[in-house]
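Per our numbering, numbering of the sequence shown is gapless, rising by one per residue and ending at 614.
Yeah, the Cβ is synthetic: ideal placement off N, Cα and C, and Gly gets one too.
Keep in mind the model is a prediction, meaning the values are calculated, not measured.
Structure record follows, encoded as structure tokens.
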Amino acid sequence: MPHSADRSSYYLLGKYKIQDRIGTGGMAEVYRGFHEKLNRTVAVKILHPSLTNDPKFTARFEREARLAANLRHPGIVQVYDFDMQGDLYFLIMEYINGGSLKKHLEDLSSLNEFMPLKEVSRAVRQIANALDYAHDQGMLHRDLKPANILIDDSGNTYLSDFGIARLVDSSEITRSGSILGTPAYMSPEQCEGKSLTPASDLYSLGIVIFEMISGHVPFNAESSLAILQMHIHEEIPTLEGTRTGLPSGLDQFLKKALAKKPEDRFQSALEMARVFATLVPDFSDTIQADTRTGVVDKPSAGKNRQSALESGKNRPTGWLVAIGIIAVLLISAVVMVWIARQSNLAAARQCTTVDSCETAAVGFARENKPVLAIETYLKAISLVPSIEQTAHAKLKCDLADLYVKTEKPVEARKAYRECIAWTHDVEDQSALRDYAQKKLKNLK
């Protein structure tokens, strides 16, 4: 690892001239680097030697770095290259000229201010788009937090460090008992050491959203263990009293985003972003400037009247008012639809057996409610004992059909394969097996 004395413009790491250190963390140090032939400034992430002691690390490093390099999305920091030099393992990444969301939130806190809601909404949309793309590629982040979200000079956000947490998942530091992940942003299942799904990343995104809105994480304590226990057992606090001007519905949104059970959360990052956008419209600059004191500065009444009189001479206002009313009605309608959907979800979750959940799922499908049907099928499948998989293999195929209907080919392929696996080559299930195999071919 280059020390301060080494960090001059003459320190070479592969083809890259190492310059100043721009960041450090529990897994790596990040330096600004420069590739002279390409005339390109890059970020060089050098992994801590303590992570690379495992004899199997080299193969794992190459595999995970290659997967991360294959992610190509405007909202994900691009991995250009990876290599090793001596005992140093490093990644060459896209350099984002700006800072992290963590630094941005800290700067706002030092000024006794909140992140403007319009910025929050924009960040949620961009982060969710990038996260949804990665999930479609089969990649989880596993350590989503403000420090791994970069912001450029134009206010655009980028997800960084995909695959890094996975890279050290089996390393010596993990086996020694250290926590993999950042406790304040870990999902309950991650806190318990269970296998992770995209729902875990969505939980972490929910924590980030809570922090962007309120200025602090929902769960905090003196020890990491105490924080883990809070994620597992305690209900999320409300936003009441954190700041003024918050739209209604945010607490219900966060309650779903931070549900203890993965199946109770949003189905995808995009669904999460769409619902958030209906709750947080384009607020005025006055509300965006809301501070932690709870006081919103108001322009003088005299100045307001003068502006109104001047604009009234030149600008028709009736149609603007009408458009405003229509916009409010549309937003209200969307929120009401979402609230109604939550009621349907609550009803769906009341089923307690495989058969009752299957019946409910079929009903939702017939009512043209595919998202509700999918969630209910997933619950039915979760209730199937392993020794009864063959008898209930059709559940997997029905689920796959719904994924096709909702244009989710990745999930559909996975469900069809699982449908085939659940038949266990039993002769009575040959027709179902042939059906799933035919559907799989059509998806390719």
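Where does arginine 233 sit, in a helix, a strand or coil, going by DSSP?
Start at 1 with the first residue of the sequence shown, and residue 233 comes out as number 63. Three-state DSSP puts arginine 233 in a helix.
Taking the C-alpha atoms as reference points, what is the distance between alanine 585 and alanine 530?
The sequence position of residue 585 within the sequence shown is 415, counting from 1. The sequence position of residue 530 within the sequence shown is 360, counting from 1. Distance between the alpha carbons of alanine 585 and alanine 530 is about 19 Å.
Work out the CA separation of threonine 448 and proline 219 for me, nearest whole Å.
For the purposes of this step, residue 219 is taken as the residue at position 49 of the sequence shown. For the purposes of this step, residue 448 is taken as the residue at position 278 of the sequence shown. Spanning the two alpha carbons is a distance of roughly 46 Å.
Could you tell me the distance, in whole angstroms, from the CA atom of lysine 273 to the CA atom of leucine 310?
By one-based count along the sequence shown, residue 273 stands at place 103. By one-based count along the sequence shown, residue 310 stands at place 140. Going by the C-alpha atoms only, they are around 24 Å apart.
Considering just the uninterrupted stretch of the beta strand (DSSP E) at glycine 533, what are its terminal residues?
Against the sequence shown, residue 533 aligns to sequence position 363. Counting along the chain, glycine 533 falls outside any beta strand (DSSP E), though it belongs to the alpha helix (DSSP H) covering 524-536.
Inter-residue Cα distance where the pair is leucine 261 and glutamine 248
Position 91 of the sequence shown holds residue 261. Position 78 of the sequence shown holds residue 248. Roughly 10 Å between the two C-alpha positions.
Check whether the Cβ of alanine 543 sits closer than 7 Å to any heavy atom of the ligand MG, and report yes or no.
No copy of the ligand MG appears in this structure; indeed no ligand is present at all.
Residues near phenylalanine 231 by beta carbon distance below 6 Å, same chain, minus five either side:
Residue 231 sits at position 61 when you count from the first residue of the sequence shown. Cβ neighbours of phenylalanine 231 beyond the five flanking positions: Tyr259.
Which ranges would you report for the alpha helix (DSSP H) in the stretch 202-258 if only whole runs of at least 4 residues count?
227-239
What is the DSSP secondary structure of phenylalanine 446, reduced to helix, strand or coil?
The residue you call residue 446 lines up with position 276 of the sequence shown. In the structure shown, phenylalanine 446 sits in a helix (DSSP, three-state: H, G or I).
Ordered along the chain, which non-local residues of its own chain (more than five positions away) have a Cβ less than 7 Å from that of proline 358?
The residue given as residue 358 occupies position 188 in the sequence shown. Correct list, in chain order: His401, Ile402, Lys430.
Which same chain residues, not among the five before or five after leucine 569, have their C-beta less than 6 Å away from its C-beta?
Here residue 569 is taken as the residue at index 399 of the sequence shown, counted from 1. For leucine 569, where only same-chain residues beyond five positions count, the Cβ hits under 6 Å are Tyr547, Ala585.
Quick one: measure Cβ to Cβ for valine 524 and leucine 553, integer angstroms, because I've assumed they're closer than 8 Å.
Here the question's residue 524 lines up with position 354 in the sequence shown. Here the question's residue 553 lines up with position 383 in the sequence shown. That belief holds up - the Cβ atoms of valine 524 and leucine 553 are roughly 5 Å apart, short of 8 Å.
Nonlocal neighbours in the same chain, by C-beta distance under 7 Å from alanine 391, ignoring five residues either side:
Position 221 of the sequence shown, counted from the start, is the residue given in the question as residue 391. Excluding sequence neighbours, alanine 391 sits near Ile397, Met400.
Contacts around proline 579, its chain only, beta-carbon distance under 7 Å, and the 5 residues preceding and following it disregarded:
Position 409 of the sequence shown, counting from 1, holds the residue named residue 579. Excluding residues within five positions, the ones whose Cβ falls inside 7 Å are Leu613.
Answer with buried or exposed for isoleucine 551, where buried requires no fewer than 16 other C-beta atoms within 10 angstroms of its C-beta.
Within the sequence shown, the letter at position 381 stands for residue 551. That one is buried.
Could you check whether leucine 271 and isoleucine 192 sit closer than 8 Å to each other, using their CB atoms as the reference points?
Position 22 of the sequence shown, counted from the start, is the residue given in the question as residue 192. Position 101 of the sequence shown, counted from the start, is the residue given in the question as residue 271. Their beta carbons are not under 8 Å apart, which means isoleucine 192 does not touch leucine 271 by this criterion.
Within the chosen definition, does the stretch 367-387 reach the stretch 290-304 through at least 3 CB pairs nearer than 8 Å?
yes
DSSP puts methionine 263 in a beta bridge; with which residues?
Position 93 of the sequence shown, counted from the first residue, corresponds to residue 263. DSSP output for methionine 263 lists Ala213, Val249 as bridge partner(s).
Taking the alpha carbon of aspartate 323 as the reference point, which residue from Leu416, Pro225, Glu588, Tyr265 has its own alpha carbon closest?
Numbered from its first residue, the sequence shown carries residue 323 at position 153. Ranking the options by Cα distance to aspartate 323, first place goes to Tyr265.
Excluding the 5 residues preceding and the 5 following glutamine 559 in the sequence, name in chain order all residues of the same chain whose CB lies nearer than 6 Å to its CB.
Sequence index remark: in the sequence shown, residue 559 carries index 389 (1-based). Cβ neighbours of glutamine 559 beyond the five flanking positions: Trp592.
Alpha carbons only, please: which of Leu237, Asp257, Asp313 is nearest the one belonging to aspartate 224?
To locate residue 224, count along the sequence shown from 1; it is residue 54. Ranking Leu237, Asp257, Asp313 by Cα distance to aspartate 224 puts Asp257 first.
Cβ-based burial, aspartate 604 [other Cβ within 10 Å; buried from 16]:
Looking up residue 604 in the sequence shown gives position 434. Aspartate 604 should be labelled exposed.
C-beta atoms of cysteine 521 and lysine 539 nearer than 8 Å
Translated into the one-based positions of the sequence shown, residue 521 becomes position 351. Translated into the one-based positions of the sequence shown, residue 539 becomes position 369. Taking 8 Å as the Cβ cut-off, cysteine 521 and lysine 539 do not qualify as a contacting pair.
Straight-line gap, glutamate 588 to lysine 566 (C-alpha atoms, nearest Å)
Your numbering for residue 588 matches position 418 in the sequence shown. Your numbering for residue 566 matches position 396 in the sequence shown. Taking the straight line from one Cα to the other gives about 7 Å.
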